[in-house]
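Enquirer:
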Amino acid sequence: MQKNMGALDRGLRLAAVVVIATLVVTGTATGVTALALGTLAVIFTLTSSVGTCPLYLPLGLNTCGR
Numbered sequence: 001m002q003k004n005m006g007a008l009d010r011g012l013r014l015a016a017v018v019v020i021a022t023l024v025v026t027g028t029a030t031g032v033t034a035l036a037l038g039t040l041a042v043i044f045t046l047t048s049s050v051g052t053c054p055l056y057l058p059l060g061l062n063t064c065g066r
């Protein structure tokens with residue numbers, strides 16, 4: 001897959017992962033909310049590490065700046 005995420009996009013997603021992890025670890029987010037946020041955090045971590053967001057492909061988005 002071709003990379004379609006720029007450095008800023010990837011950084012913001014990883015920052016969101018840190019916030020979500022903090023909410024879950026401190027017990028602010030519990031139950032279904034914690035599960036949904038945890039799933040989102042895993043998706044953000046994977047897409048940031050790979051540099052490709054599958055949702056961007058059908059939408060024609062590219063934040064990579066190429």
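If you use UniProt numbering, the sequence shown closes out at 66, no skipped numbers anywhere. Using N, Cα and C, we set each Cβ at its ideal position, and we do this for glycine too.
When DSSP labels each residue in this structure, what does Pro54 get in the three-state scheme?
Expert: The residue labelled residue 54 in the question sits at position 54 within the sequence shown. Here Pro54 sits in coil by DSSP.
Enquirer: Would you identify the three-state DSSP class for Gly31, choosing helix, strand or coil?
Expert: For the purposes of this step, residue 31 is taken as the residue at position 31 of the sequence shown. Gly31 falls in the helix class under three-state DSSP.
Enquirer: Can you find the residues in the same chain that come closer than 6 Å, C-beta to C-beta, to Lys3, ignoring five residues on each side of it along the sequence?
Expert: Counting from one through the sequence shown, the residue named residue 3 turns up at place 3. Hits under 6 Å: Gly51, Thr52, Cys64.
Enquirer: Since I believe Val17 is in contact with Ala41 (beta carbons under 8 Å), could you give me their beta-carbon distance rounded to a whole number of angstroms?
Expert: Position 41 of the sequence shown, counted from the start, is the residue given in the question as residue 41. Position 17 of the sequence shown, counted from the start, is the residue given in the question as residue 17. Confirmed, about 5 Å.
Enquirer: Can you say whether Thr28 is buried or exposed, counting buried as having 16 or more other CB atoms within 10 angstroms of its CB?
Expert: Position 28 of the sequence shown, counted from the first residue, corresponds to residue 28. Result: exposed.
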